[in-house]
Amino acid sequence: MDFIKKTEMQDADVILYHGKTWLAKAIRFFDGSNINHAGLYLGLEKVGEALANGLTKRSFQESIKDNEYVIIRRLKSHHDTMKPVLEKAKTYISAGNRYAYEQIILLAFLCLTRKLHVNAGLDCLIRKILDEAANMTLLMEQGKKQPMICSEFVYRCYDEALPSSTDPYSLDINPFPRATLTSEKKLSYSGVHRDSLLAWATDVITIKKGASSDLLFSLEDSKSKKKLLEERNLDELIEQYLFEVKGPLRSTFDVEASIRNAEMLASIKNFAEAYYQTSIKGEKEAVEPVTMKIVEGEIPAAFAYLLGTVANFVTPGDFLNCQNLYSVGNVSP
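In terms of this note's numbering, the sequence shown has 166 at position 175, counting the first letter as 1, and numbering is strictly consecutive.
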């Protein structure tokens, strides 16, 4: 793709980032894309984006400086003005201190919902990601913030630009095919691969019998191993996994089953509880106790909330496949 000058950018262009960090590389790998972050061009060399300190506006150069390049995408249909999209962005940014974004949370969702390439390093990597994402989510709650994924902010600015069901600015994004979980209740949720960890964990939590019951009773024992995992460095785990995954993959039942254990279930459960508690804090409904009450045949509220979130989940990579947008070109820092 050709490189363009930043002076060629237009209001409400979608900015897609190719970052350099190990977190960025992991997001791209698990998302099956070459993009790990998204922002919205506000005009006058300003960008709106979701960051750790909230929804913010900063200079275009400041926004892209630590990336290898960014891809600029633009709405195909011509409109006299992009003001409705920019006004919605302004509304969100003005309330930006209500929200926060951390890449680790996006990575956690990707790891939970996708069919994964399993190798010896994946178990520790996924649990480390989930544990750090849970801790980060609870820190957001302490700061009275709600999580908002970077791509969710951009998508909402377009989707909510006009109060109409036929909003001409809406983006046609359906990132995942609808998949049916394997539980006896035959629950259907978009965004959850039938072989994903979230589908497996939901089955285990919901159907309390046989091997599933053994895992549930092992949850308390898994806490003793958590300290060892805390001492591992996330960047090193990502680097090791991405190096090893380049080699031949042993796709056997034993390898696939190796990541479906009590420790993994505990990490998934902790992340679900933390995300649920932080996300609904301040809503009208009362917040349920943090610890799930597991009732046979019922999905706990925290898991149901997580599944509902995934159903409407938009990743940065989804903007590359969006049929309403076309690529204008790349911009280098």
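We put the CB at the ideal spot given by N, CA and C, even for glycine.
Under the 8 Å Cβ criterion, the stretch 99 to 106 does not count as touching the stretch 48 to 58, having fewer than three qualifying pairs. Spanning the alpha carbons of Ala3 and Ala248 requires a straight line of approximately 45 Å. Between the alpha carbons of Asp114 and Pro75 lies a gap of roughly 45 Å. Taking C-beta atoms as the reference points, Tyr8 and Ala41 fail to come closer than 7 Å.
Scanning the stretch 34 to 110 for uninterrupted beta strand (DSSP E) segments of 3 residues or longer gives 37 to 42, 45 to 50 and 58 to 66, listed from N- to C-terminal end.
Under the three-state reduction of DSSP output, Tyr317 falls in the strand class.
CA-CA distance, Tyr146 to Lys237, rounds to 33 Å. Per the Cβ contact rule, the stretch 125 to 137 is not in contact with the stretch 289 to 302 (fewer than 3 Cβ pairs under 8 Å).
Nearest to Ala190 by C-alpha distance, out of Ile84, Lys(-4) and Ile290, is Ile290. Sequence-distant partners of Ile(-5) (beyond 5 residues in either direction) whose C-beta falls short of 8 Å from its own C-beta, in its chain, are Ile63, Val319, Gly320, Asn321 and Val322. Annotation for Val301: the continuous alpha helix (DSSP H) segment containing it runs Ala292 to Ala302. Of the other Cβ atoms in all chains shown, fewer than 16 fall within 10 Å of the Cβ of Tyr317; this residue is therefore exposed.
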